[in-house]
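A.B. asks: I'd like to ask you about the structure that follows.
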Amino acid sequence: MIRLERLLIKGGKPLHGSVRVSSAKNAVLPIIVATLLPSTPATVLDVPDLDDVITICSVLESLGVIVKKQGSSLTFDASGLNKSEASYELMSRMRASFLIMGPLLSKMGYAKIALPGGCMIGSRPIDLHLKAFEALGAKITVGNGFVEGYAPQGLKGTTIYLDFPSVGATENILMAAVLAEGRTIIENAAEEPEIVDLVTFLSSMGANIKGAGTNVIRIEGVKELRGISHTVIPDRIEAGTYMIAAAMAGGDVTIENVLTEHLKPLLAKLSEAGVKVIKDIDSVRVISDGNISSTDIKTMPYPGFPTDLQAQFMALMTISNGESKITETVFENRFMHVGELRRMGASIQVEGRCATVRGVPFLNGAFVRATDLRAGAALVLAGLAAHGETEIGELHHIDRGYDHLVEKLQGLGAEISRVE
Ligand code: UD1
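Read in numbering that gives the first Met the number 0, the sequence shown has 135 at position 136, and its numbers run on one by one without any break.
Structure below.
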């Protein structure tokens with residue numbers, strides 16, 4: 000759903016108060032896809048209000064799943080699953096939709112899916128997913144913009160080594176393997192908290208999975224899964240974004256519904272940058288006078304510094320008191336925010352996967368545009384700290400992944416609004 004609104008921010012106001020983090024986008028999407036697997040309805044509680052959630056629900060509905068909304072809960076009844084084809088129109092909106100391939104192959108023995116779209120950060124191939132499906136016994140063909148998979152005799156467990164600990168591939172294999180015959184072992188699996196949450200959901204429905212959160216996951220196939228209700232983990236990237244907002248704009252902000260153990264690299268880096276961070280059981284308080292020391296970061300798969308916070312951290316470094324190096328190792332083209340931050344007065348040089356940021360005393364408000372979800376978040380943070388007015392276009396990128404961003408920031412005293 001593309002809206003033609005823009006965000007207007009009057010910068011320079013410190014932030015105060017508390018903000019509650021919503022359920023994790025990157026956990027809720029695979030969990031919704033996993034509701035294709037049980038033979039009875041499953042419910043996801045506290046679903047965040049995000050365009051990506053609307054998209055994944057449309058994908059499931061197009062396959063014959065009945066989706067019922069009650070307050071912030073969604074119930075998925077896949078007993079009428081009758082289609083295993085997904086069009087380009089649906090798939091082009093969001094890359095995570097490709098996660099339906101694993102469950103469809105396992106449940107229907109066939110899937111025909113348009114090659115995925117999503118944020119334009121790097122080439123984002125799906126070779127690891129496809130190699131894994133082949134190893135599980137599916138016959139895969141790619142042509143005319145579609146991936147087709149056949150497994151008429153069902154999938155059979157095997158050992159799969161991932162060349163890179165891909166989050167999506169690990170999730171797709173998990174969902175393919177839980178109902179497959181025998182044992183599947185995923186080596187060099189992704190260890191992200193969102194993988195652990197997906198496994199918690201699958202296990203509660205009757206799946207037999209060991210090792211989630213480590214780099215080797217073992218799955219013993221079972222005959223059937225039964226739907227349950229599940230509450231998704233808090234969004235560590237949303238939490239991190241508000242932490243950086245408080246650091247950058249200055250002020251005293253408590254971020255609630257946070258699992259701080261999921262945010263260790265950011266907590267360490269904010270402390271290095273001179274920001275005061277006080278941890279509590281499920282909240283974190285950030286106190287900053289806006290004086291930021293420069294510090295380097297390098298993105299890595301979990302438990303390293305998350306690539307999904309790289310753009311926001313770079314925004315913070317633009318007003319630091321020195322030079323910092325930002326190295327992006329997960330995606331090869333994730334510096335699209337650089338050009339926009341420069342429009343606001345930032346000094347950044349990019350060479351390959353490394354950006355050198357020389358801190359300036361302040362940023363100036365400008366007209367900028369969100370080029371992808373997290374790049375958009377970085378511009379919001381820059382706008383909150385900048386002198387003058389910032390206007391951010393292409394808001395639809397931000398609406399994909401931040402639940403009530405404007406209202407939450409207004410609650411902290413920010414001057415931010417949507418304009419036509
Ligand atoms: C997920 C997250 C995204 C996050 C990323 C890395 C969701 C919905 N999205 O994306 O927000 O930025 O993890 O933490 O959870 N790769 C291949 N071949 C493949 C698959 C991936 O080469 O078959 C490469 C990608 O191009 C990329 C790297 O592996 O360079 C990481 O991708 P991956 O972990 O798969 O990210 P996503 O699951 O797409």
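For glycine and all other residues, C-beta sits at the position ideal for the given N, C-alpha and C. These numbers come from a predicted model, not from an experiment.
Among residues of its own chain, excluding the 5 on either side of T328, which ones have a beta-carbon nearer than 7 Å to its beta-carbon?
C.D. replies: On the sequence shown, position 329 is the one that residue 328 refers to. Cβ within range, chain order: K297, T298, M299, R352.
A.B. asks: Suppose you measure from the CA of K68 to the CA of I254; what does that come to, to the nearest Å?
C.D. replies: Residue numbering aside, residue 68 sits at position 69 when the sequence shown is read from its first letter. Residue numbering aside, residue 254 sits at position 255 when the sequence shown is read from its first letter. Looking at the two C-alpha atoms, the distance is approximately 28 Å.
A.B. asks: As a quick exercise: from Y160, Q309, G358, pick the residue whose alpha carbon is nearest that of I318.
C.D. replies: For the purposes of this step, residue 318 is taken as the residue at position 319 of the sequence shown. Of the listed residues, the one whose Cα sits closest to I318 is G358.
A.B. asks: Quick check on DSSP: helix, strand or coil for D251?
C.D. replies: Stepping through the sequence shown from its first residue, residue 251 is reached at position 252. D251: strand per DSSP, three-state reduction.
A.B. asks: Taking just the CA atoms, how far does V146 sit from A354?
C.D. replies: Along the sequence shown, read from residue 1 onward, the residue named residue 354 stands at position 355. Along the sequence shown, read from residue 1 onward, the residue named residue 146 stands at position 147. Cα to Cα, A354 sits roughly 36 Å from V146.
A.B. asks: Could you check which residue in I218, G144, H15, N187 has the C-alpha nearest to that of E180?
C.D. replies: For this step, residue 180 is matched to residue 181 along the sequence shown. Looking at the Cα atoms, I218 is the closest of the given residues.
A.B. asks: Taking 7 Å as the line, does the beta carbon of I415 fall inside it for any heavy atom of the ligand UD1?
C.D. replies: On the sequence shown, position 416 is the one that residue 415 refers to. No, the Cβ of I415 stays beyond 7 Å of every heavy atom of the ligand UD1.
A.B. asks: What number of angstroms, rounded off, separates the C-alpha of A413 from the C-alpha of K209?
C.D. replies: Position 414 of the sequence shown, counting from 1, holds the residue named residue 413. Position 210 of the sequence shown, counting from 1, holds the residue named residue 209. If you take the alpha carbons of A413 and K209, they lie about 45 Å apart.
A.B. asks: Quick check: A245 and L408, are their CB atoms within less than 8 Å of each other?
C.D. replies: Along the sequence shown, one-based indexing puts residue 245 at 246. Along the sequence shown, one-based indexing puts residue 408 at 409. No. Outside cutoff.
A.B. asks: For S91, name the three-state secondary structure that DSSP assigns.
C.D. replies: Taking the first residue of the sequence shown as position 1, residue 91 is located at position 92. The answer is coil: DSSP assigns S91 none of H, G, I, E or B.
A.B. asks: Is I194 near the ligand UD1, judged by its Cβ being under 7 Å from some heavy atom?
C.D. replies: Indexing the sequence shown from 1 puts residue 194 at position 195. Proximity of the beta carbon of I194 to the ligand UD1 is not indicated: no heavy atom of the ligand is located closer than 7 Å.
A.B. asks: For chain C, is any of its Cβ atoms less than 8 Å away from the one on S38?
C.D. replies: Of the protein chains in the structure, only one exists, and it is not chain C.
A.B. asks: Below 7 Å, is the gap between the Cβ of R94 and the nearest heavy atom of the ligand UD1?
C.D. replies: Your numbering for residue 94 matches position 95 in the sequence shown. R94: yes, Cβ under 7 Å from the ligand UD1.
A.B. asks: Are the beta-carbon atoms belonging to Y109 and G148 less than 8 Å from one another?
C.D. replies: Counting from 1 along the sequence shown, the entry for residue 109 is found at position 110. Counting from 1 along the sequence shown, the entry for residue 148 is found at position 149. Yes; because the gap between Cβ atoms is below 8 Å, this pair is in contact.
A.B. asks: Under a Cβ-count criterion, where at least 16 other Cβ atoms within 10 Å of its own Cβ denotes burial, should R225 be classed as buried or exposed?
C.D. replies: Here the question's residue 225 lines up with position 226 in the sequence shown. So R225 counts as exposed.
A.B. asks: Going by DSSP, what residues sit across from E390 in a beta bridge?
C.D. replies: On the sequence shown, position 391 is the one that residue 390 refers to. DSSP, once it has assigned bridges, lists L7, F366 as partnering E390.
A.B. asks: Which term fits E237, buried or exposed, when burial requires 16 or more other beta carbons within 10 angstroms of its beta carbon?
C.D. replies: As a first step, residue 237 is located in the sequence shown; it is residue number 238 there, counting from the start. By the 10 Å Cβ count, E237 comes out buried.
A.B. asks: I think L362 touches A381, with their Cβ atoms under 8 Å apart; what is that distance to the nearest whole Å?
C.D. replies: Within the sequence shown, numbered from 1, the residue matching residue 362 stands at position 363. Within the sequence shown, numbered from 1, the residue matching residue 381 stands at position 382. Confirmed, Cβ separation roughly 5 Å.
A.B. asks: Using three-state DSSP, classify T317 as helix, strand or coil.
C.D. replies: Locating residue 317 in the sequence shown gives position 318, counting from the first residue. Of the three classes helix, strand and coil, the one that applies to T317 here is coil, per DSSP.
A.B. asks: Is G181 near the ligand UD1 - that is, is its Cβ less than 7 Å away from at least one heavy atom of it?
C.D. replies: Walking along the sequence shown from the start, residue 181 turns up at place 182. No.
A.B. asks: Less than 8 Å between the C-beta atoms of L135 and K155, yes or no?
C.D. replies: Counting from one through the sequence shown, the residue named residue 135 turns up at place 136. Counting from one through the sequence shown, the residue named residue 155 turns up at place 156. Contact: yes.
A.B. asks: Looking at S83: is its Cβ nearer than 8 Å to the Cβ of K111?
C.D. replies: For the purposes of this step, residue 83 is taken as residue 84 along the sequence shown, with counting starting at 1. For the purposes of this step, residue 111 is taken as residue 112 along the sequence shown, with counting starting at 1. Yes, they are a contact pair.
A.B. asks: How big is the Cα-Cα spacing for D251 and D288?
C.D. replies: Here the question's residue 251 lines up with position 252 in the sequence shown. Here the question's residue 288 lines up with position 289 in the sequence shown. Going from the Cα of D251 to the Cα of D288 covers about 9 Å.
A.B. asks: Please state whether the Cβ-Cβ distance between L6 and R417 is less than 8 Å.
C.D. replies: One-based indexing of the sequence shown puts residue 6 at position 7. One-based indexing of the sequence shown puts residue 417 at position 418. Cβ atoms of L6 and R417: closer than 8 Å.
A.B. asks: Report back the beta-carbon spacing between A23 and D279 to the nearest angstrom; my notes put them in contact at under 8 Å.
C.D. replies: Here residue 23 is taken as the residue at index 24 of the sequence shown, counted from 1. Here residue 279 is taken as the residue at index 280 of the sequence shown, counted from 1. Not a contact, Cβ separation roughly 19 Å.
A.B. asks: Could you tell me which residues DSSP puts in a beta bridge with E180?
C.D. replies: Along the sequence shown, read from residue 1 onward, the residue named residue 180 stands at position 181. Paired residues: K155.
A.B. asks: Give me the residue from H386, E388, H395, A385 with the minimum Cα distance to A374.
C.D. replies: If you number the sequence shown from 1, residue 374 lands on position 375. The residue with the shortest Cα to Cα distance from A374 is H395.
A.B. asks: Compare the C-alpha of F366 against each of I55, I30, A385, E186 and name the closest.
C.D. replies: As a first step, residue 366 must be located in the sequence shown, where it is residue number 367. Closest by C-alpha distance to F366, out of I55, I30, A385, E186, is A385.
A.B. asks: What's the gap between the Cα of E419 and the Cα of I99?
C.D. replies: Taking the first residue of the sequence shown as 1, we reach residue 419 at position 420. Taking the first residue of the sequence shown as 1, we reach residue 99 at position 100. Between E419 and I99, the C-alpha separation is close to 35 Å.
A.B. asks: Is T306 near the ligand UD1 - that is, is its Cβ less than 7 Å away from at least one heavy atom of it?
C.D. replies: The sequence position of residue 306 within the sequence shown is 307, counting from 1. Checking the Cβ of T306 against the ligand UD1 gives yes.
A.B. asks: What first and last residue would you give for the alpha helix (DSSP H) that runs through I194?
C.D. replies: The residue labelled residue 194 in the question sits at position 195 within the sequence shown. From DSSP, the alpha helix (DSSP H) with I194 extends over 192-203.
A.B. asks: Less than 7 Å separating the Cβ of S167 from some heavy atom of the ligand UD1?
C.D. replies: Numbered from 1 along the sequence shown, position 168 holds the residue referred to as residue 167. First, the amino acid is wrong: residue 167 is Gly here, not Ser. Checking every heavy atom of the ligand UD1 against the Cβ of G167, one is found closer than 7 Å.
A.B. asks: So, for L114: in the same chain, excluding its five sequence neighbours on each side, which residues have a beta-carbon less than 6 Å away from its beta-carbon?
C.D. replies: Within the sequence shown, numbered from 1, the residue matching residue 114 stands at position 115. Same-chain partners within the cutoff: G144.
A.B. asks: Which first and last residues belong to the beta strand (DSSP E) in which A113 is found?
C.D. replies: Taking the first residue of the sequence shown as 1, we reach residue 113 at position 114. That run of the beta strand (DSSP E) goes 109-113.
A.B. asks: At a cut-off of 7 Å, would you count A189 as near the ligand UD1, judging by its Cβ distance to the nearest heavy atom?
C.D. replies: For the purposes of this step, residue 189 is taken as residue 190 along the sequence shown, with counting starting at 1. Yes, Cβ of A189 sits closer than 7 Å to a heavy atom of the ligand UD1.
A.B. asks: Quick check: A248 and Q311, are their CB atoms within less than 8 Å of each other?
C.D. replies: Here residue 248 is taken as the residue at index 249 of the sequence shown, counted from 1. Here residue 311 is taken as the residue at index 312 of the sequence shown, counted from 1. Taking 8 Å as the Cβ cut-off, A248 and Q311 do not qualify as a contacting pair.
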